Amino acid sequence: MEKLVRQAFADHPGKKQRFAQSLGYKNLNNAFALIYCCLRSGVDQQNILRNIQKIFKIDEWNYDEAWHTTKILVRQQTRIAQLEEDLEQQKKGILARKNFRPYIYVKTSESRPTCSITIYAFVNLGKFRYVFLPYQILQNSDEYQKMKVGEIIRKHFLESDGKCPGMGSITDYFYRNSYDSFWEFDTEGDFVNSSIGNFFESHALAMYNNKTIAETPV
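Mind the numbering: the sequence shown is residues 133 to 350 in the working numbering, read in order.
Structure below.
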């Protein structure tokens, strides 16, 4: 479709200019950007595609066939992109499970840093949200893990005075005992419940000139 319209534009440069101006943009580059976006997506915003066919007197049958083909190609490309994304996520999941290491995640009273997010990320205050554990702990029974994790939590809460730098007070803890499950503990190290799935772990970014120079969990 785009090829067909480009040829019509090339044959009628003056008409092309006037058509772009008729869209009401002060900057014609924006008008042409919208036109080509419609041509490549097959989505007829502001009746642009239908008006092009009428104004430039492009054969209606050829035009509609090209339009239909464009829609099919866009759907195929979207489907391929989705399949590639799904495959990439599967690969990441496989790698994450392979490299999984048990850890304790510190839950806090604040959902956002009490300081600048940029500073929070740049100095990596997010490291205080984690207590990483040796993989061997998973080789023990659930009861032993609960006991051991409870001891670690009590010690952590005492040594940190119940505070998490940049995130307020510590409210509870999540023990990630597998890629697909975790246990919740209170601040006294007592087991609360177990859950299937993952819990949300947000991240803070420090950027300079539109480039990420630091990233840390929040």
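Every residue, glycine too, gets a C-beta built ideally from N, C-alpha and C. Every value quoted in this text rests on a predicted model; they were computed, and no experiment measured them.
Check: Environment of Met-279 [buried if 16+ CB atoms lie within 10 Å]; Outcome: exposed
Check: 8 angstroms Cβ cutoff met for Thr-303 and Ser-241; Outcome: yes
Check: Of the listed residues Lys-223, Leu-155, Arg-207 and Leu-171, nearest to Arg-138 (C-alpha basis); Outcome: Leu-171
Check: Where Ala-198 falls, given that 16 or more other Cβ within 10 Å makes a residue buried; Outcome: buried
Check: Identity of the residues DSSP links to Val-175 by a beta bridge; Outcome: Answer is none; Val-175 lacks a bridge partner.
Check: Given Val-175 as reference, the closest of Ser-273, Gln-221, Asp-196 and Thr-250 once Cα atoms are compared; Outcome: Asp-196
Check: Segments assigned alpha helix (DSSP H), at least 4 residues, entirely inside the stretch 230 to 264; Outcome: 249 to 254
Check: Proximal residues to Cys-296 (C-beta, below 7 angstroms), its chain only, five neighbours per side dropped; Outcome: Val-238, Thr-240, Phe-260, Arg-261 and Ile-302
Check: Residues bridged to Lys-295 (per DSSP); Outcome: Ser-301
Check: Glu-320 versus Gly-225: straight-line alpha-carbon distance, rounded; Outcome: 33 angstroms
Check: DSSP-derived helix/strand/coil call for Phe-188; Outcome: coil
Check: Which of helix, strand or coil DSSP assigns to Tyr-307; Outcome: strand
Check: Nearest-angstrom Cα separation, counted from Gln-209 out to Ile-184; Outcome: 25 angstroms
Check: Whole-angstrom C-beta distance between Asn-309 and Gln-277, which should lie under 8 angstroms; Outcome: 7 angstroms
Check: Nearest-angstrom Cα separation, counted from Asp-218 out to Ala-228; Outcome: 15 angstroms
Check: Member of Gln-214, Val-263 and Tyr-267 whose CA lies at the smallest distance from the CA of Lys-230; Outcome: Tyr-267
Check: Pro-234 versus Tyr-252 - alpha carbon distance; Outcome: 24 angstroms
Check: Per-residue burial, Ile-345 [other beta carbons within 10 Å of its own, 16 or more giving buried]; Outcome: For Ile-345, the pLDDT reaches just 48, beneath the cut-off of 50, and the residue's location in the model is therefore unreliable, although a value from the coordinates is still provided. The residue is exposed, with fewer than 16 neighbouring Cβ atoms inside 10 Å.
Check: 8 angstroms Cβ cutoff met for Phe-265 and Ile-236; Outcome: Before going on, a small fix: residue 265 reads as Leu here, not Phe. It is a contact, given that the beta carbons lie within the stated cut-off.
Check: Extent of the continuous alpha helix (DSSP H) run through Glu-134; Outcome: 134 to 143
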